[in-house]
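Asker:
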Amino acid sequence: MVRYAAPAIGSRRFRLPEDPLKEKGLLKAQAHGPICFGVTNPATPSPPLQASEDCLFIDVYAPAKTKANDSGGLPVMLWIQGGGYVQNYNANYNGSGLIEASQGDMIVVTFNYRVGPYGFLASKDLEEEGNLNVGLHDQLAAIRWVQEHVAAFGGDRDRVTLFGTSVGGGSVLLQLLAYGGNSTNNTAKWSAGIAQSMFLPSVFTVDEMEFHYTDLLDATNCSDLECLRQVPTDQLQAANVAVPFPSQDETALFGYGPVIDGSFLPDRPLNLLREGQFAKDKPMMLGSSSTEGTLFAPQANTTEDVNQFLKAQFPSLTNATLSKLNSLYSDTPATFPGVNTTEAPLYYRAAEIYGDSSFICPAVNFAAALDDAGVSVRLFRDSILDAAEVEAGYIVPHTWDTQAVWGPSYAINYAALPDADSYEPGLIAFVLFGYDQGVFGGILQMEDWLNQFDHPSDSETGIIVSCYNLGCLAGCVLNFIFGETLGRRKTIWSAMGLVIVGATLQASAFTVPHLVIGRVVTGLGTGMKTSTVPMYQSELCDRKYRGRLVSAETLFVGVGIVFAYWFDFGMSFVGGPVAWRLPLAFQMIFAFVVVVLVFALPESPRWLFKHGREQEAVQVLCDVFDKDVSDEYIRAEVHAIHHAIELEAAEQKQSSFSSIFKNDRVKTGQRVLLAWGAQFMNQIGGINLVVYYIPSVLVQNVGMTAQMAQIIGGCVQMMFMFGSILPALALDRMGRRKTMIWSSAGLGVCMLMISILLSRVGFTNGQACASASVAFFFLYNLIFGMGMNCVPWVVVPEILPLHARTRGTAVGISSNWLWNFFVVMITPVIINRLQWKAYLIFVVTNFAFIPIIYFFYPETSNMRLEDIDEFFTQGRNPVKVAKEMQKAMKSGLDVGTDAEKTVSSSSDKEKVHVEHS
Numbered sequence: 016m017v018r019y020a021a022p023a024i025g026s027r028r029f030r031l032p033e034d035p036l037k038e039k040g041l042l043k044a045q046a047h048g049p050i051c052f053g054v055t056n057p058a059t060p061s062p063p064l065q066a067s068e069d070c071l072f073i074d075v076y077a078p079a080k081t082k083a084n085d086s087g088g089l090p091v092m093l094w095i096q097g098g099g100y101v102q103n104y105n106a107n108y109n110g111s112g113l114i115e116a117s118q119g120d121m122i123v124v125t126f127n128y129r130v131g132p133y134g135f136l137a138s139k140d141l142e143e144e145g146n147l148n149v150g151l152h153d154q155l156a157a158i159r160w161v162q163e164h165v166a167a168f169g170g171d172r173d174r175v176t177l178f179g180t181s182v183g184g185g186s187v188l189l190q191l192l193a194y195g196g197n198s199t200n201n202t203a204k205w206s207a208g209i210a211q212s213m214f215l216p217s218v219f220t221v222d223e224m225e226f227h228y229t230d231l232l233d234a235t236n237c238s239d240l241e242c243l244r245q246v247p248t249d250q251l252q253a254a255n256v257a258v259p260f261p262s263q264d265e266t267a268l269f270g271y272g273p274v275i276d277g278s279f280l281p282d283r284p285l286n287l288l289r290e291g292q293f294a295k296d297k298p299m300m301l302g303s304s305s306t307e308g309t310l311f312a313p314q315a316n317t318t319e320d321v322n323q324f325l326k327a328q329f330p331s332l333t334n335a336t337l338s339k340l341n342s343l344y345s346d347t348p349a350t351f352p353g354v355n356t357t358e359a360p361l362y363y364r365a366a367e368i369y370g371d372s373s374f375i376c377p378a379v380n381f382a383a384a385l386d387d388a389g390v391s392v393r394l395f396r397d398s399i400l401d402a403a404e405v406e407a408g409y410i411v412p413h414t415w416d417t418q419a420v421w422g423p424s425y426a427i428n429y430a431a432l433p434d435a436d437s438y439e440p441g442l443i444a445f446v447l448f449g450y451d452q453g454v455f456g457g458i459l460q461m462e463d464w465l466n467q468f469d470h471p472s473d474s475e476t477g478i479i480v481s482c483y484n485l486g487c488l489a490g491c492v493l494n495f496i497f498g499e500t501l502g503r504r505k506t507i508w509s510a511m512g513l514v515i516v517g518a519t520l521q522a523s524a525f526t527v528p529h530l531v532i533g534r535v536v537t538g539l540g541t542g543m544k545t546s547t548v549p550m551y552q553s554e555l556c557d558r559k560y561r562g563r564l565v566s567a568e569t570l571f572v573g574v575g576i577v578f579a580y581w582f583d584f585g586m587s588f589v590g591g592p593v594a595w596r597l598p599l600a601f602q603m604i605f606a607f608v609v610v611v612l613v614f615a616l617p618e619s620p621r622w623l624f625k626h627g628r629e630q631e632a633v634q635v636l637c638d639v640f641d642k643d644v645s646d647e648y649i650r651a652e653v654h655a656i657h658h659a660i661e662l663e664a665a666e667q668k669q670s671s672f673s674s675i676f677k678n679d680r681v682k683t684g685q686r687v688l689l690a691w692g693a694q695f696m697n698q699i700g701g702i703n704l705v706v707y708y709i710p711s712v713l714v715q716n717v718g719m720t721a722q723m724a725q726i727i728g729g730c731v732q733m734m735f736m737f738g739s740i741l742p743a744l745a746l747d748r749m750g751r752r753k754t755m756i757w758s759s760a761g762l763g764v765c766m767l768m769i770s771i772l773l774s775r776v777g778f779t780n781g782q783a784c785a786s787a788s789v790a791f792f793f794l795y796n797l798i799f800g801m802g803m804n805c806v807p808w809v810v811v812p813e814i815l816p817l818h819a820r821t822r823g824t825a826v827g828i829s830s831n832w833l834w835n836f837f838v839v840m841i842t843p844v845i846i847n848r849l850q851w852k853a854y855l856i857f858v859v860t861n862f863a864f865i866p867i868i869y870f871f872y873p874e875t876s877n878m879r880l881e882d883i884d885e886f887f888t889q890g891r892n893p894v895k896v897a898k899e900m901q902k903a904m905k906s907g908l909d910v911g912t913d914a915e916k917t918v919s920s921s922s923d924k925e926k927v928h929v930e931h932s
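Sequential numbering of the sequence shown, starting at 16, is according to this note's numbering.
#1: What are the boundary residues of the beta strand (DSSP E) that Val91 is part of?
#2: Between the C-alpha atoms of Phe329 and Val635, what's the straight-line distance to the nearest angstrom?
#3: Quick test of the definition: if touching needs 3 or more C-beta pairs under 8 Å, does the stretch 213-224 touch the stretch 31-46?
#4: Three or more C-beta pairs under 8 Å: does that hold for the stretch 733-750 against the stretch 853-860?
#5: Between which two residues does the alpha helix (DSSP H) containing Val514 stretch?
#6: DSSP on Asp173, reduced to helix/strand/coil?
#7: Hey, out of Ser481, Pro471, Ser278, whose CA is closest to Thr199's CA?
#8: Could you give the distance in angstroms between the alpha-carbon of Gln521 and the alpha-carbon of Pro549?
#9: If Gly169 sits next to Lys82, beta carbons under 8 Å apart, how far is it from one beta carbon to the other, in whole angstroms?
#10: Can you tell me where the beta strand (DSSP E) with Ser304 in it begins and where it stops?
#11: Please list the segments of the alpha helix (DSSP H) lying wholly inside the stretch 804-830, counting only runs of 4 or more residues, in order along the chain.
#12: Using only alpha-carbon positions, find the residue among Leu767, Glu319, Arg820 that is nearest to Gly498.
#13: Using the Cα positions of Trp622 and Ile496, report the straight-line distance between them to the nearest angstrom.
#14: Please work out which residues of its chain come closer than 8 Å, Cβ to Cβ, to Asn316, disregarding the five sequence neighbours upstream and downstream, and give them in chain order.
#15: In whole angstroms, give me the CA-to-CA distance for Gly802 and Gln698.
#16: State the DSSP-derived secondary structure class of Leu41, mapped to helix, strand or coil.
#17: Compare the beta carbon distance of Gln460 and Ala721 with 8 Å and say whether it is the shorter of the two.
#18: Confirm, please, whether the CB-CB distance from Ala327 to Ala8 is below 8 Å.
#19: When the cut-off is 8 Å and only beta carbons count, does Arg244 lie next to chain C?
#20: Rounded to a whole number of angstroms, what is the C-alpha to C-alpha distance between Ile649 and Pro471?
#21: My output table needs one value for Asp397: the three-state DSSP class, helix, strand or coil.
#22: Go through its chain and collect everything with a Cβ distance to Ile798's Cβ below 8 Å, but skip five positions before and after it.
#23: Less than 8 Å separating the beta-carbons of Lys682 and Phe870?
#24: Does DSSP put Gln118 in a helix, a strand or coil?
#25: With a cut-off of 8 Å on the beta carbons, I'd call Asn716 and Ala785 a contact; round off their distance for me.
#26: Starting from the C-beta of Pro22, find all residues in its chain whose C-beta is less than 6 Å away, skip the five residues before and the five after it, and write them out in chain order.
#27: Give the list of continuous alpha helix (DSSP H) stretches no shorter than 4 residues that lie fully inside the stretch 714-802.
#28: So, at 6 Å on beta carbons, what are the nonlocal neighbours of Thr266 in its own chain, with the 5 sequence-adjacent residues on each side left out?
#29: Which one of Leu42, Asn146, Ser338, Cys237 has the shortest CA to CA distance from Leu280?
#30: Using a Cβ-Cβ cutoff of less than 6 Å, which residues in the same chain neighbour Ala787 once the five nearest sequence positions on both sides are dropped?
#31: Can you give me the Cβ contacts of Ala724 inside the same chain, cut-off strictly under 7 Å, excluding the 5 residues immediately before and after it?
#32: Per DSSP, what kind of secondary structure is Asp996 in: helix, strand or coil?
#33: Tell me the rounded alpha-carbon separation between His818 and Asp882.
#34: Please give me, in chain order, every unbroken run of the alpha helix (DSSP H) with length at least 4 that falls completely inside the stretch 132-160.
#35: Just to confirm, are Pro873 and Pro893 a CB contact at a threshold of 8 Å?
#36: Please classify Ile410: does DSSP put it in a helix, a strand, or coil?
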């Protein structure tokens, strides 16, 4: 989202748009801005999108490698959305489909403009200020913005085509009429126009529309315009309801619209057309659907029903005109083939009168006038039938041609975030995870910290450091108990709340018990978040990218660790309490950012399915993958999830905690053990010796000074981060099994070399050998980042069945924290007591992992979460089944679930039947 005008709030309410405010910095324009508030009217309900009074945003879609171009460039399509000037109905359309259809040969721009009273309030007071038709001026401002900035996106400012549907199409024509076609007064330049299903509502005088202004004053207890500008938005929106025209009982479908203002619209459009007062240098294409009015007509039984509906829309209609209209349309059939309208025999008469007068006839009249003036113009009619629309009685309804233009991406993106965006809170949560892990390593050597806590012994230090891990373990238990009830988003929010409380306690600690309590509380939050975020992200992303995207979490663990170490190092030069209190308090910053970002994300669709919220779940799938509900991909996802739920029901699973440890049909117990084992391998290979204690190890075993150990330790942690880049880019091609196997082998070799080199301390060249061991600490962290750091976090949520995913993930991640605690607790002791022999423990564990992975862990790369169930339901070795399914998938064969195969092979491929508003 980019602002094309200043926020139209406060004193700017009801005023012409102003230039956007100047801001410095980089704008991350990867999400849609809120749409503009609409009028509350049951006949024209608001779309389910975030709305705001601050809504003047524009979106630009350009081919991937387009460069800025001041001369020439790609043609630009500028979309004006519909909504009858009372709603933003076609907001957030995705332009990528149009760009793909053009083979990358265009740029698409969409924007919001003010509607209802915010954009079309009319009164003498506003007329005196020159602030009428501000919604049309918003459109002008967007056109000017494109003229000024589209070259930066590779667009040609001299080839800008306006196109729109419904009142968006009507707006294209009003822009043609703007200022009576006087180019001197109109500085918004464009080159051609397309108006689909064009809706040109009646244009009234200010006097005729001032009743809205009077009603708003009464509803808000205001006496003048300035008071209206000061009314809080929620109060103004509460008063923003549809009301009938004066002397009418029935509310109009679209009660707001442009008025004659003496400048932008000097007269009614028909008069301007007749007098040739329009721009004549712009080729135009106009069109409509065959039965435009069927979406709007009432279930009319009598002529009086028809007349009442028409007078509500056109209050100036006389009885004589109404009589003439009914006479002209008297032969309109009461039914169409396949449509039963016997209960409303005059429905189609009302539909044809309204459709012709509001849509079809204006298009014909405009086309004729443009043609008479020598303008290149094309007129089209959409008559293509769709079985569903015919069955519903709409035949070829209003805006039916929209999807033909927008193609597969015409659907509105209600939750509207690309995959990468949905990962930002998770990535930041894992920066916090890494920061939490790394921050204490640098603090342990700070003089003020040691003095504050009476120079704790190595055993006491182990307790202070490792109590955090006990808190994390307890956090997993909390998630095990409450996570399935709370859902993914609420669990993350709860976790961040605990982190904020814990960081506050740590930063304010003056005694060891105070500090320990703070670290335990922080650990509670970390345990909850680390057992939720990977699962949440796995459930939201495409199977082809799941490994890479979830691996990005562990890359950001490295970012957090590195940041913590260097932050500690910098603060060590400050001295005093702030040197260690500020780094501990800084944990809160990351937590607050995550809390805010999660508000922009949907709940997990799989959790929603499991809890009976199917309509919401399907909508989330459509939004996340940018597809329609009838798309084959969405259908396959829905059926796969249904199949997983049916497997659970077939086993008659209970919600007892012990159920996830039973070896049922889908081998839940075995899979929970695999998840637990993956995190065991993540922790017991020696990584936390390096993460938590590398400065101490370098001082005690290598003989470095404290300051040099801090510098080298920070550099070692950077290797962890650099190594994590590879799986974040390529894990789905690397595979899970192979990556874990070679990583374990490499880690074992590194620990072996460290042990051998440190064993030479005290002998000839012993110091040189000790210094050489540092290279293997670097290599160890690099290899760990490339393999065993990331894969267990990916494997845990994807190896588990749906019914056990929340609790099973909690159990799996609890293994991480249990063994993390164990390693952190014993490391100070074994390093001091065993010296170089301590590293042999980790040599043995790393080499032992290789056969365990080879014989027991199936390859899960690129498989749908629900397809992984099939590994365990065949009654054979899951590793072998996985190999067969992976081979079949690479050969292009169907490897879907049984339920999915049934759907795919059925002759009629029934659509997923979900109530979908």
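C-beta atoms are modelled at their ideal positions from N, C-alpha and C, and glycine is treated no differently. If you're wondering where the values come from, they're calculated on a predicted model, not measured in any experiment.
Answerer: According to the structure shown:
#1: Translated into the one-based positions of the sequence shown, residue 91 becomes position 76. Counting along the chain, the beta strand (DSSP E) containing Val91 begins and ends at 89-95.
#2: Reading the sequence shown from its first residue, position 314 is the one you call residue 329. Reading the sequence shown from its first residue, position 620 is the one you call residue 635. If I take the Cα positions, the gap works out to 40 Å.
#3: no
#4: no
#5: Position 499 of the sequence shown, counted from the start, is the residue given in the question as residue 514. It spans 503-522 - the alpha helix (DSSP H) in which Val514 sits, taken as one unbroken run.
#6: On the sequence shown, residue 173 is found 158 positions in, with the first residue counted as 1. Three-state DSSP puts Asp173 in a strand.
#7: Working through the sequence shown from its first residue, we reach residue 199 at position 184. Ranking the options by Cα distance to Thr199, first place goes to Ser278.
#8: Working through the sequence shown from its first residue, we reach residue 521 at position 506. Working through the sequence shown from its first residue, we reach residue 549 at position 534. Approximately 27 Å between the Cα atoms of the pair.
#9: Residue mapping note: residue 169 aligns to position 154 of the sequence shown, counting from 1. Residue mapping note: residue 82 aligns to position 67 of the sequence shown, counting from 1. That pair is a contact at about 6 Å.
#10: Along the sequence shown, read from residue 1 onward, the residue named residue 304 stands at position 289. Here the beta strand (DSSP E) through Ser304 covers 299-304.
#11: 806-814
#12: On the sequence shown, position 483 is the one that residue 498 refers to. Answer by Cα proximity: Arg820.
#13: Within the sequence shown, residue 622 is the residue found at index 607, counting from 1. Within the sequence shown, residue 496 is the residue found at index 481, counting from 1. The straight-line gap from Cα to Cα measures roughly 16 Å.
#14: Position 301 of the sequence shown, counting from 1, holds the residue named residue 316. Taken in chain order, the residues that qualify are Glu358, Ala359, Pro360, Leu361.
#15: As a working note, residue 802 is residue 787 in the sequence shown. As a working note, residue 698 is residue 683 in the sequence shown. Answer to the nearest angstrom: the Cα atoms are 13 Å apart.
#16: Here residue 41 refers to the residue found at position 26 when the sequence shown is read from its first residue. If DSSP states are grouped into helix, strand and coil, Leu41 belongs with coil.
#17: Position 445 of the sequence shown holds residue 460. Position 706 of the sequence shown holds residue 721. Yes, these two residues count as a Cβ contact at 8 Å.
#18: Since the displayed the chain opens at 16 and closes at 932, residue 8 lies outside it and no answer follows.
#19: Among the chains in the structure shown there is no chain C, since it carries only a single protein chain.
#20: Walking along the sequence shown from the start, residue 649 turns up at place 634. Walking along the sequence shown from the start, residue 471 turns up at place 456. Using only the alpha carbons, I get a separation of about 58 Å.
#21: Within the sequence shown, residue 397 is the residue found at index 382, counting from 1. It is a strand residue.
#22: Translated into the one-based positions of the sequence shown, residue 798 becomes position 783. Around Ile798: Gly738, Ser758, Gly761, Leu762, Cys765.
#23: Translated into the one-based positions of the sequence shown, residue 682 becomes position 667. Translated into the one-based positions of the sequence shown, residue 870 becomes position 855. No, the Cβ-Cβ distance between Lys682 and Phe870 is not below 8 Å.
#24: Taking the sequence shown and counting its residues from 1, the one referred to as residue 118 is at position 103. If DSSP states are grouped into helix, strand and coil, Gln118 belongs with coil.
#25: Locating residue 716 in the sequence shown gives position 701, where the first residue counts as 1. Locating residue 785 in the sequence shown gives position 770, where the first residue counts as 1. At roughly 7 Å, the Cβ-Cβ gap stays under 8 Å, so Asn716 and Ala785 are in contact.
#26: Translated into the one-based positions of the sequence shown, residue 22 becomes position 7. Answer for Pro22: Asp69, listed in chain order.
#27: 721-749, 751-773, 781-801
#28: Along the sequence shown, one-based indexing puts residue 266 at 251. Taken in chain order, the residues that qualify are Ala257, Pro259.
#29: In the sequence shown, counting from the first residue as 1, residue 280 sits at position 265. For Leu280, the nearest C-alpha among the options comes from Asn146.
#30: For the purposes of this step, residue 787 is identified with residue 772 of the sequence shown, where counting begins at 1. Leu772.
#31: The residue given as residue 724 occupies position 709 in the sequence shown. Counting only Cβ-Cβ distances below 7 Å, and skipping sequence neighbours, we find Pro710, Leu713, Val714.
#32: Residue 996 falls outside the range modelled here, since the chain spans only 16 to 932, and no answer is possible.
#33: Counting from one through the sequence shown, the residue named residue 818 turns up at place 803. Counting from one through the sequence shown, the residue named residue 882 turns up at place 867. The straight-line gap from Cα to Cα measures roughly 14 Å.
#34: 139-144
#35: On the sequence shown, position 858 is the one that residue 873 refers to. On the sequence shown, position 878 is the one that residue 893 refers to. Yes, the pair counts as a contact, with Cβ atoms nearer than the cut-off.
#36: Taking the sequence shown and counting its residues from 1, one reaches residue 410 at position 395. Of the three classes helix, strand and coil, the one that applies to Ile410 here is coil, per DSSP.
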